[in-house]
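Going letter by letter, the sequence shown gives residues 1 to 362 in the UniProt record's numbering.
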Amino acid sequence: MYDFVVVGAGPAGSRFSRQAARAGHDVLCLERGEVGRPLACSGHVSTDIWNFTPEGARDELLQNEVSGARFHVGGPGSESHLFYKDETISNVIDRVGLDRTLARAAREAGADLRENHSVVGLDEDTDGVTVRMRTPNGTETVRTRMVAGCDGPVSRVRRELGMPEPGEKLQGILAFSEERDPGSHVDVHLTVPEFFAWRIPRGDAGVEYGLGAAPGENATDLFDRFLDAYGVETGETCAGMIPIGPAERVTSDRAFLVGDAAAQTKPFTGGGILYGMTAADHAAREIDPRSPDTLGEYERAWRSDLVREIRLGHWVRRAYSLPDTVQRAGLSALSGKIGVHMDKPSTLFSPESLKTLLSRSQ
Numbered sequence: 001m002y003d004f005v006v007v008g009a010g011p012a013g014s015r016f017s018r019q020a021a022r023a024g025h026d027v028l029c030l031e032r033g034e035v036g037r038p039l040a041c042s043g044h045v046s047t048d049i050w051n052f053t054p055e056g057a058r059d060e061l062l063q064n065e066v067s068g069a070r071f072h073v074g075g076p077g078s079e080s081h082l083f084y085k086d087e088t089i090s091n092v093i094d095r096v097g098l099d100r101t102l103a104r105a106a107r108e109a110g111a112d113l114r115e116n117h118s119v120v121g122l123d124e125d126t127d128g129v130t131v132r133m134r135t136p137n138g139t140e141t142v143r144t145r146m147v148a149g150c151d152g153p154v155s156r157v158r159r160e161l162g163m164p165e166p167g168e169k170l171q172g173i174l175a176f177s178e179e180r181d182p183g184s185h186v187d188v189h190l191t192v193p194e195f196f197a198w199r200i201p202r203g204d205a206g207v208e209y210g211l212g213a214a215p216g217e218n219a220t221d222l223f224d225r226f227l228d229a230y231g232v233e234t235g236e237t238c239a240g241m242i243p244i245g246p247a248e249r250v251t252s253d254r255a256f257l258v259g260d261a262a263a264q265t266k267p268f269t270g271g272g273i274l275y276g277m278t279a280a281d282h283a284a285r286e287i288d289p290r291s292p293d294t295l296g297e298y299e300r301a302w303r304s305d306l307v308r309e310i311r312l313g314h315w316v317r318r319a320y321s322l323p324d325t326v327q328r329a330g331l332s333a334l335s336g337k338i339g340v341h342m343d344k345p346s347t348l349f350s351p352e353s354l355k356t357l358l359s360r361s362q
């Protein structure tokens with residue numbers, strides 16, 4: 001019997017597998033396809049990413065450094081409002097490479113990580129969980145004390161075990177052009193209903209274009225119009241769901257959700273890499289596979305760390321739906337040098353941010 005079967009080898013799943021294996025647990029991690037494929041997530045992350053990666057990862061994965069963002073109420077060529085720091089705020093990374101680096105670190109820590117293994121059924125009982133999976137050699141069954149559902153927005157674990165759904169699922173879509181752009185500023189366009197579109201320079205690796213759209217919107221049509229406005233051609237389009245708003249419960253009797261499966265994401269950007277790996281660390285520290293009661297400790301730990309930021313993120317997102325005139329006035333008043341961390345809306349109220357705003361008004 002395994003201590004943990006981890007379903008999904010994205011950042012959250014590989015991070016949990018690594019940390020649990022390092023703690024001495026017997027870990028089996030199952031990825032339904034090839035690690036890192038298909039791509040469905042942006043590679044724009046805060047510099048905190050390197051706190052979760054093995055030594056040397058930055059040299060392998062870094063594509064560009066970003067120090068600010070230009071916000072537009074209109075499309076390309078419209079008036080922009082720059083928010084910036086004098087130092088690097090965030091990094092653009094090889095997103096597929098990140099998944100593979102984290103998966104390799106999990107294996108090196110002792111986790112048994114298997115690609116092309118798709119979970120097709122789960123049955124909880126008083127002693128553990130029976131996991132049925134489709135493999136290259138047919139169907140297999142294993143037993144485990146706990147299951148970690150790290151299998152993304154449309155989680156099989158969540159559905160099989162009857163855990164509640166996230167509050168909302170946005171449509172995410174992105175693609176890459178071959179333009180060389182070493183620029184240090186991303187462009188954010190508040191032109192998509194209830195969310196936004198973006199352009200991210202990736203140095204020699206090209207440019208990333210993307211958007212998030214609310215349910216009911218035609219994301220493909222919005223994206224095509226966005227690309228046409230920029231006058232660019234891109235390669236293959238990547239698409240996926242963006243879960244927003246964690247449910248009141250992300251655990252069952254012997255299973256727990258981590259990352260996008262638990263909607264541990266930023267409501268104002270849709271990004272979940274850092275939140276998911278933060279929650280994975282809490283899970284590895286708090287959960288004893290032989291003691292189901294410790295699932296409650298995981299719930300308390302990750303919520304204590306992240307829920308305040310998620311709630312504030314919902315308030316930030318509301319600004320995307322304000323009238324254009326109000327958005328322009330707000331951006332004009334607040335633009336300039338900032339003291340905000342891209343993963344932590346609470347830093348809007350930090351002494352550094354307040355000092356910056358006060359100095360601008362003098």
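Beta carbons are placed, not taken as given, at the ideal position from N, Cα and C, and that holds for glycine.
Source: prediction; values computed, not measured.
For the segment 257 to 312, which segments carrying the alpha helix (DSSP H) assignment without a break, of at least 4 residues, lie completely within its bounds, in sequence order? 273 to 286
For the segment 230 to 239 against the segment 204 to 212, do three or more pairs of beta-carbon atoms, one drawn from each stretch, fall closer than 8 Å, so that the two count as touching? yes
Can you tell me whether P153 is buried or exposed, with buried defined as 16 or more other CB within 10 angstroms of its CB? buried
Start-end ranges of the beta strand (DSSP E) lying completely within the segment 95 to 147, minimum 3 residues: 112 to 114, 118 to 124, 129 to 135
Which of the three DSSP states, helix, strand or coil, is assigned to F195? coil
Rounded Cβ spacing between C41 and V6 (contact assumed at less than 8 Å): Contact flag wrong, Cβ pair sits at about 18 Å.
When the distance is taken between beta carbons, is D187 closer than 9 Å to A105? no
Checking 9 Å against the spacing of the C-beta atoms, do V129 and S90 come in under that value? no
Between the Cα of N116 and those of Q171, E31, R107, spot the shortest distance and give me the residue it belongs to. E31
Taking a contact to mean a Cβ-Cβ separation below 9 Å, would you say I173 touches T237 in this structure? yes
Minimum C-alpha distance to H25 - residue among L62, T325, G212, F4: F4
Can you check which of these residues, H282, S80, V120, P289, is closest to L306 by C-alpha distance? H282
CB-CB length for V27 against A9, believed under 8 Å: 11 Å between Cβ atoms; not a contact.
Along the chain, where does the beta strand (DSSP E) containing S90 start, and where does it finish? 90 to 93
3 or more residues per run - each beta strand (DSSP E) lying fully within the segment 65 to 89: 68 to 72, 80 to 84
If we count Cβ pairs, one from each stretch, closer than 8 Å, do we get three or more for the segment 158 to 174 versus the segment 285 to 295? no
How many Å lie between T126 and D288 at the Cα? 15 Å
On the three-state DSSP scale, how would you describe H25? coil
F4 in three-state terms, based on DSSP: strand
Give the range of the alpha helix (DSSP H) segment to which S332 is assigned. 324 to 334
Between I273 and L170, how many whole angstroms is the CB-CB distance? I'm expecting something under 8 Å. Going by Cβ atoms, the distance from I273 to L170 rounds to 16 Å, so no, they are not a contact pair.
Does DSSP put S361 in a helix, in a strand, or in coil? In this prediction, S361 scores a pLDDT of 49, lower than 50, which makes its location untrustworthy; the coordinate-derived value is nonetheless stated afterwards. Reduced to three states, the DSSP call for S361 is helix.
State the Cα-Cα distance for the pair R300 and V45, rounded to the nearest angstrom. 26 Å
Do F268 and P345 have their beta-carbon atoms positioned less than 9 Å apart in this structure? yes
If I follow the unbroken alpha helix (DSSP H) through F223, where does it start and stop? 219 to 230
Between the Cα of A109 and the Cα atoms of N64, S17, S177, which residue gives the shortest distance? S17
Excluding five sequence neighbours on each side, which residues of the same chain lie with their C-beta closer than 7 Å to the C-beta of L348? V340
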